[in-house]
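The structure under discussion appears below in the form of structure tokens.
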Amino acid sequence: MPLQLGKNFRLPRTVRPVSYRAELAVDLGRDRFQGTAEIDLVASEAVSRIHLHAVDLTVAAAQVLVPGATPAGQPIAVAALVPDTVSETVTLELAAPLPPGPATVRISWAGAFSPGLRGLYRAGAIAVTQFEAADARRVFPCFDEPAFKATWELSLRDVPAGVPVISNGRIVEETASDGGSRRIRFAPTPVLSSYLIALAIGDLVPSEPVDARGVPIRTWSVPAKRGLTAFAQEAAAAVLPKLEDYFGLPYPFGKLDQLGIPDFEAGAMENAGCITFREVALLLDPATAPLAMQKRVAEVITHELAHQWFGNLVTMVWWDDLWLNEAFATWMAFKIVAAWRPEWRIWMDFEVGKGSALVLDAMQSAHPIRAEINNAEEAGESFDAITYEKGGAVLRMIEGYLGEERFRDGIRLYMRRHREGNATADDLWGALGEASGEPIVELANAWIRRIGYPVVSVAAAPETNGEGGDGAPTLVLEQRRFFSDPTAQESGPPTRWLIPMVIRYRDDEGVKQQRVLFGEATARVTLAARGRVRWLVANAGAAGFYRCRYDERLLGAIGGALSDGAAVVPGGAREEVQPIERMAVVSDQWALVRANAVEVGDFLNLITAMASESDPFVLDELVGRLGLLEGRHVAEADEAAFRRMIADLFRQSAARLGWQAPASQEKPESDDTRLVRAALLRAMVVVARDPAAVAEAERRCLAHLAPSGEAVALDPNLLDIVVTAAARRADDARFDDFVRRAAHEIDPAAKRRFLHALARVETPALVARAVATALTEVVPMQDFTSYLSVLLANRATREEAWRLVRERWETVRAKADSPMLLRRLVEGLGVLPERRHLDEVEAFLSSHPIEAAKQATLQTLERLRSEVALRERLIPQVAAWLARRRDAGAELG
Ligand SMILES: [Zn+2]
Numbered sequence: 013m014p015l016q017l018g019k020n021f022r023l024p025r026t027v028r029p030v031s032y033r034a035e036l037a038v039d040l041g042r043d044r045f046q047g048t049a050e051i052d053l054v055a056s057e058a059v060s061r062i063h064l065h066a067v068d069l070t071v072a073a074a075q076v077l078v079p080g081a082t083p084a085g086q087p088i089a090v091a092a093l094v095p096d097t098v099s100e101t102v103t104l105e106l107a108a109p110l111p112p113g114p115a116t117v118r119i120s121w122a123g124a125f126s127p128g129l130r131g132l133y134r135a136g137a138i139a140v141t142q143f144e145a146a147d148a149r150r151v152f153p154c155f156d157e158p159a160f161k162a163t164w165e166l167s168l169r170d171v172p173a174g175v176p177v178i179s180n181g182r183i184v185e186e187t188a189s190d191g192g193s194r195r196i197r198f199a200p201t202p203v204l205s206s207y208l209i210a211l212a213i214g215d216l217v218p219s220e221p222v223d224a225r226g227v228p229i230r231t232w233s234v235p236a237k238r239g240l241t242a243f244a245q246e247a248a249a250a251v252l253p254k255l256e257d258y259f260g261l262p263y264p265f266g267k268l269d270q271l272g273i274p275d276f277e278a279g280a281m282e283n284a285g286c287i288t289f290r291e292v293a294l295l296l297d298p299a300t301a302p303l304a305m306q307k308r309v310a311e312v313i314t315h316e317l318a319h320q321w322f323g324n325l326v327t328m329v330w331w332d333d334l335w336l337n338e339a340f341a342t343w344m345a346f347k348i349v350a351a352w353r354p355e356w357r358i359w360m361d362f363e364v365g366k367g368s369a370l371v372l373d374a375m376q377s378a379h380p381i382r383a384e385i386n387n388a389e390e391a392g393e394s395f396d397a398i399t400y401e402k403g404g405a406v407l408r409m410i411e412g413y414l415g416e417e418r419f420r421d422g423i424r425l426y427m428r429r430h431r432e433g434n435a436t437a438d439d440l441w442g443a444l445g446e447a448s449g450e451p452i453v454e455l456a457n458a459w460i461r462r463i464g465y466p467v468v469s470v471a472a473a474p475e476t477n478g479e480g481g482d483g484a485p486t487l488v489l490e491q492r493r494f495f496s497d498p499t500a501q502e503s504g505p506p507t508r509w510l511i512p513m514v515i516r517y518r519d520d521e522g523v524k525q526q527r528v529l530f531g532e533a534t535a536r537v538t539l540a541a542r543g544r545v546r547w548l549v550a551n552a553g554a555a556g557f558y559r560c561r562y563d564e565r566l567l568g569a570i571g572g573a574l575s576d577g578a579a580v581v582p583g584g585a586r587e588e589v590q591p592i593e594r595m596a597v598v599s600d601q602w603a604l605v606r607a608n609a610v611e612v613g614d615f616l617n618l619i620t621a622m623a624s625e626s627d628p629f630v631l632d633e634l635v636g637r638l639g640l641l642e643g644r645h646v647a648e649a650d651e652a653a654f655r656r657m658i659a660d661l662f663r664q665s666a667a668r669l670g671w672q673a674p675a676s677q678e679k680p681e682s683d684d685t686r687l688v689r690a691a692l693l694r695a696m697v698v699v700a701r702d703p704a705a706v707a708e709a710e711r712r713c714l715a716h717l718a719p720s721g722e723a724v725a726l727d728p729n730l731l732d733i734v735v736t737a738a739a740r741r742a743d744d745a746r747f748d749d750f751v752r753r754a755a756h757e758i759d760p761a762a763k764r765r766f767l768h769a770l771a772r773v774e775t776p777a778l779v780a781r782a783v784a785t786a787l788t789e790v791v792p793m794q795d796f797t798s799y800l801s802v803l804l805a806n807r808a809t810r811e812e813a814w815r816l817v818r819e820r821w822e823t824v825r826a827k828a829d830s831p832m833l834l835r836r837l838v839e840g841l842g843v844l845p846e847r848r849h850l851d852e853v854e855a856f857l858s859s860h861p862i863e864a865a866k867q868a869t870l871q872t873l874e875r876l877r878s879e880v881a882l883r884e885r886l887i888p889q890v891a892a893w894l895a896r897r898r899d900a901g902a903e904l905g
């Protein structure tokens, strides 16, 4: 009788694996494999069947052995092997009941490489695995849920001579057979969940090992990229001891291999001791990599290393706590990299990621950080900005509230208590509460179980003028859930958050901070200020996950402090408001424009007044917002005037810094100066399209790319800008050249730069080619959805690209053959600007539903709806603002 286990079936806890001894023979010529395994397990009660996960595996034979008279044990026959595709299991129906106690399953099977980037798949000349969330079952029949931790002793046979193999454990035995092939046995692992097992077979070469407190670290790449591994080695060796110190426990997996894989779904995967990466997240040339790339690589490496403790050593019980893994690794990576390279100011990059979480979480289709997860497919859906960045921001907020030491003590307690085991979020809050003596469970649950986040309205109480009057100024605070959509409302009673707020302000005596734990709908806070409060921000250091809406007077005071006039005084007000707070003010004001709580004209007044901003991150934020407005919210008739306005704002500063440091300058420029230059030139070239700046960018690009011998040096931070300028105006020959570079560049960042450049062409004659390229092998599967997203965001190519998605749907879908890529594909449609697009996308996704991207579909449709409405609202407002500005200019004469 067929079993009806259903999609949400979870393995019973009555049978648990203890260890796997598995051997695979991988046929690299035919993309197939065969396996045998002995799985030691323990039954807590008598059972008549054993369920194992398996997908697309042909299980040939199975037998169960119980310890008995013979050394091999007493066999129990398997009466039937029943596969079930819905629950992704194979059930061993036993001829006789298995008594409680230890037993061993002997099983053999065969399978094929998976077509997408999961299970065991082909990436160029390499066969590699990707198992999270639930794809170990595509290679091994196993207990494929995180709660079932066991040791794994893996062997490979029939490995051709000279072909390298890498797995979680080091190689402990290698035997050659007659035909010249080898059998390789890896050291048994400590107990691990199945999603953390990894294998790679094929043409990878290792760097020289470096030693970090006795842990040998190697970085592997395809042979041509061997020269790009030094930075990854340096970063891993630097951060691994810092992580050991933080957790108070040594690195648990003996050796560390970092593998750059030529086609890879995510950014990286934290397999124990055998971490796999997309090449661009691991390999770089420090001489030519933009600073942002170096920071990103260091951050990803540290994120995956943090998982070796948080995730691998202590593992979630079920996928509903996946967020904890990811939130923790996200937060920890920034913390550790900030300690390694403080001059990078990496928390400013965290702020950018947090910005995308704030956008996603302001939608009605948002989900709580900790969501109910019924099956592995739903687990796959929850890898989004709410899980990573909001989760990370909430941990940061709790750390800020408890203080660094008490927070770290709680983490250490949690690690010691649950090492080599499984734990839930409540175990973590329990440990943090115990270590700190604070009621942390309530505070944490208030943030992780609730959807969305608050906007806090901050107003000066009417009876206090805050401007030199008697008595301390009093603030009136009010909180409500923030929605981007002005028409959205909460369906139930209004949500209240317990908000650990820190208010920073300037009075006659200096800059002060005041803490407030704000949990009511409204509250009054009296500041311990002396004299006049010149400005205040209600989210000090932007450490809180909420938005601030200031009343007119308070906003005017901040605007005054941030405007160009204030910056003239050395050490003036602008420097007192921290860069991260200046960024948050801009980000919050823009969010309020979207929510129809602030006029876009007022927003433009604020950011144009900040144009001489000297911090590169804040400047980037300003340029980014202007770019967004230019790209979506300006009528065609106003485009030229809007771009001229932007060019006028930044022309002088850009000219002052020029394209490179003057030859006469002896001291090398600081990173900040180089990043300010990049932000200004991005504004002039990419956003404002200033003709002189564009021509110069194109000239420098061509000079830089000239055949070797003539090539001209260029600051790596400017490469994206000049290549974009050249790509927009490409002709056939230049397009051919960029295709060649996208295919053959060794440096993954350069490869991606030229690949995306192809999607940025604006020459009408090249549009069809740029779009058709998406489906050619120039664009690998891992880059397909990002390439498509660039096409969809490009005015010149978007209609053709959207047509490609609809008319070649089967092919398009097959090229995004994994749940994560399908989600990215759907999300990419969210940039289409017009109401007509909204209708088309809605109709298309309802007639072509994607089961693995249900949440992404909801999020994308909501985003489209609100963006389309926003565009219709802003276009006339921007036009009116431009007209007022023009009239004012005319009056000035
Ligand atoms: Zn992670």
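Numbering of the sequence shown is given in this note's numbering, commencing with residue 13 and proceeding in unit increments. Note that CB positions come from ideal geometry on N, CA and C, so glycine has one too. Fair warning: this is a prediction, and the values are worked out from it, not measured in the lab.
L778 - DSSP class collapsed to helix/strand/coil: What you label residue 778 is simply residue 766 of the sequence shown in a count that begins at 1. Correct three-state label for L778: helix.
When you get a sec, list the residues whose CB is within less than 5 Å of any heavy atom of ligand 1, chain order please. E338, A341
Start and end residues, beta strand (DSSP E) containing N434: Working through the sequence shown from its first residue, we reach residue 434 at position 422. 433-435 is the span of the beta strand (DSSP E), which, as asked, contains N434.
If we ignore side chains and look at the alpha-carbon of each, how far apart do E648 and M657 end up? Here the question's residue 648 lines up with position 636 in the sequence shown. Here the question's residue 657 lines up with position 645 in the sequence shown. Looking at the two C-alpha atoms, the distance is approximately 15 Å.
For L69 versus G123, is the C-beta distance shorter than 7 Å? Within the sequence shown, residue 69 is the residue found at index 57, counting from 1. Within the sequence shown, residue 123 is the residue found at index 111, counting from 1. The Cβ-Cβ distance between L69 and G123 falls below 7 Å.
C-alpha gap between V580 and G572, whole angstroms: Sequence index remark: in the sequence shown, residue 580 carries index 568 (1-based). Sequence index remark: in the sequence shown, residue 572 carries index 560 (1-based). With a pLDDT of 49 at V580, under the threshold of 50, the modelled position of this residue cannot be trusted; read the value that follows with caution. The alpha-carbon atoms of V580 and G572 are separated by roughly 12 Å.
Check whether the stretch 15-30 touches the stretch 94-107, taking contact to mean three or more Cβ pairs, one atom from each stretch, closer than 8 Å. Yes: at least three Cβ pairs fall under 8 Å.
Does the Cβ-Cβ distance between V227 and Y258 come in under 7 Å? The count along the sequence shown starts at 1 and reaches residue 227 at position 215. The count along the sequence shown starts at 1 and reaches residue 258 at position 246. No.
Beta-bridge pairing of F322 - partner residues as DSSP gives them: Locating residue 322 in the sequence shown gives position 310, where the first residue counts as 1. In DSSP, F322 forms a bridge with V326.
Fully enclosed by the stretch 654-699, which beta strand (DSSP E) runs are 3 residues long or longer? none
Can you name the start and end residues of the beta strand (DSSP E) that F289 belongs to? Taking the first residue of the sequence shown as position 1, residue 289 is located at position 277. Segment 286-290, the beta strand (DSSP E) holding F289.
Ignore the nearest five residues each way along the sequence and tell me which others in G639's own chain have a CB closer than 6 Å to its CB. For the purposes of this step, residue 639 is identified with residue 627 of the sequence shown, where counting begins at 1. V699.
Does the stretch 149-160 come into contact with the stretch 401-409, if we say contact requires no fewer than three beta-carbon pairs (one atom in each stretch) closer than 8 Å? no
Give every residue of the same chain whose Cβ lies closer than 7 Å to the Cβ of A236, excluding the five residues on either side of it in the sequence, and list them in chain order. Within the sequence shown, numbered from 1, the residue matching residue 236 stands at position 224. So the qualifying residues of the chain are I758.
Out of A73, P109, A135, A826, which has the shortest C-alpha to C-alpha gap to S120? Position 108 of the sequence shown, counted from the start, is the residue given in the question as residue 120. When each option's Cα is compared against that of S120, the closest is A73.
Measuring straight from C-alpha to C-alpha, what distance separates A623 and R134? For the purposes of this step, residue 623 is taken as residue 611 along the sequence shown, with counting starting at 1. For the purposes of this step, residue 134 is taken as residue 122 along the sequence shown, with counting starting at 1. Spanning the alpha carbons of A623 and R134 requires a straight line of approximately 49 Å.
Using CA coordinates, which residue listed in L876, R561, W893 is at the minimum distance from Q376? As a position in the sequence shown, residue 376 is number 364, starting the count at 1. Nearest option by C-alpha distance: L876.
On a Cα-Cα basis, can you pick out the residue from R701, V688, D650, V802 that is closest to I887? In the sequence shown, residue 887 corresponds to position 875, counting from 1. If we check each option's Cα against that of I887, D650 comes out closest.
Residue range of the beta strand (DSSP E) that includes G47: Locating residue 47 in the sequence shown gives position 35, counting from the first residue. For G47, the enclosing beta strand (DSSP E) covers residues 44-55.
Residues bridged to M281 [DSSP beta-bridge criterion]: As a first step, residue 281 must be located in the sequence shown, where it is residue number 269. Bridge partners of M281: T288.
Taking the C-alpha atoms as reference points, what is the distance between A310 and A777? Within the sequence shown, numbered from 1, the residue matching residue 310 stands at position 298. Within the sequence shown, numbered from 1, the residue matching residue 777 stands at position 765. When rounded, the distance between both Cα atoms is 41 Å.
In chain order, which continuous runs of the alpha helix (DSSP H) of length 4 or greater are located wholly inside the stretch 435-500? 437-448, 452-460
Output the distance between the C-alpha atoms of W908 and F419, rounded to the nearest integer angstrom. Since the first residue of the chain shown is 13 and the last is 905, residue 908 is not available in this structure.
Simplified DSSP assignment, three categories, for V366: Here residue 366 refers to the residue found at position 354 when the sequence shown is read from its first residue. In the sequence on display, residue 366 carries Lys and not Val. K366 falls in the helix class under three-state DSSP.
A91 to L211 span [Cα, whole Å]: Within the sequence shown, the letter at position 79 stands for residue 91. Within the sequence shown, the letter at position 199 stands for residue 211. Rounded to whole angstroms, A91 to L211 spans 33 Å at the Cα level.
So is the beta-carbon of R492 under 6 Å away from any non-hydrogen atom of ligand 2? What this structure holds is ligand 1, not ligand 2.
L23 (DSSP reduced to helix, strand or coil): The count along the sequence shown starts at 1 and reaches residue 23 at position 11. Three-state DSSP puts L23 in coil, outside helix and strand.
For G522, does the three-state DSSP call read helix, strand or coil? Here residue 522 is taken as the residue at index 510 of the sequence shown, counted from 1. The answer is strand: DSSP assigns G522 an E or B state.
H645, DSSP secondary structure in three states: Locating residue 645 in the sequence shown gives position 633, counting from the first residue. If DSSP states are grouped into helix, strand and coil, H645 belongs with coil.
Just to confirm my understanding: we take G478, look at its own chain, exclude 5 residues before and 5 after, and list those with CB closer than 6 Å. What are they? Locating residue 478 in the sequence shown gives position 466, where the first residue counts as 1. In this prediction, G478 scores a pLDDT of 48, lower than 50, which makes its location untrustworthy; the coordinate-derived value is nonetheless stated afterwards. In its chain, beyond the 5 residues on either side, A472, P485, V545 have a beta carbon closer than 6 Å to the beta carbon of G478.
Return helix, strand or coil for V175, following the three-state DSSP convention. In the sequence shown, the residue the question calls residue 175 occupies position 163. Of the three classes helix, strand and coil, the one that applies to V175 here is coil, per DSSP.
In chain order, what residues of the same chain have a beta carbon less than 6 Å from the beta carbon of S31, not counting five sequence neighbours either side? What you label residue 31 is simply residue 19 of the sequence shown in a count that begins at 1. So the list reads D52, A162, T163, once near-sequence residues are dropped.
Is I862 helix, strand or coil when you go by DSSP? On the sequence shown, position 850 is the one that residue 862 refers to. I862: coil per DSSP, three-state reduction.
Integer Cβ distance of A555 from V514, believed to fall under 8 Å: For the purposes of this step, residue 555 is identified with residue 543 of the sequence shown, where counting begins at 1. For the purposes of this step, residue 514 is identified with residue 502 of the sequence shown, where counting begins at 1. Confirmed, about 7 Å.
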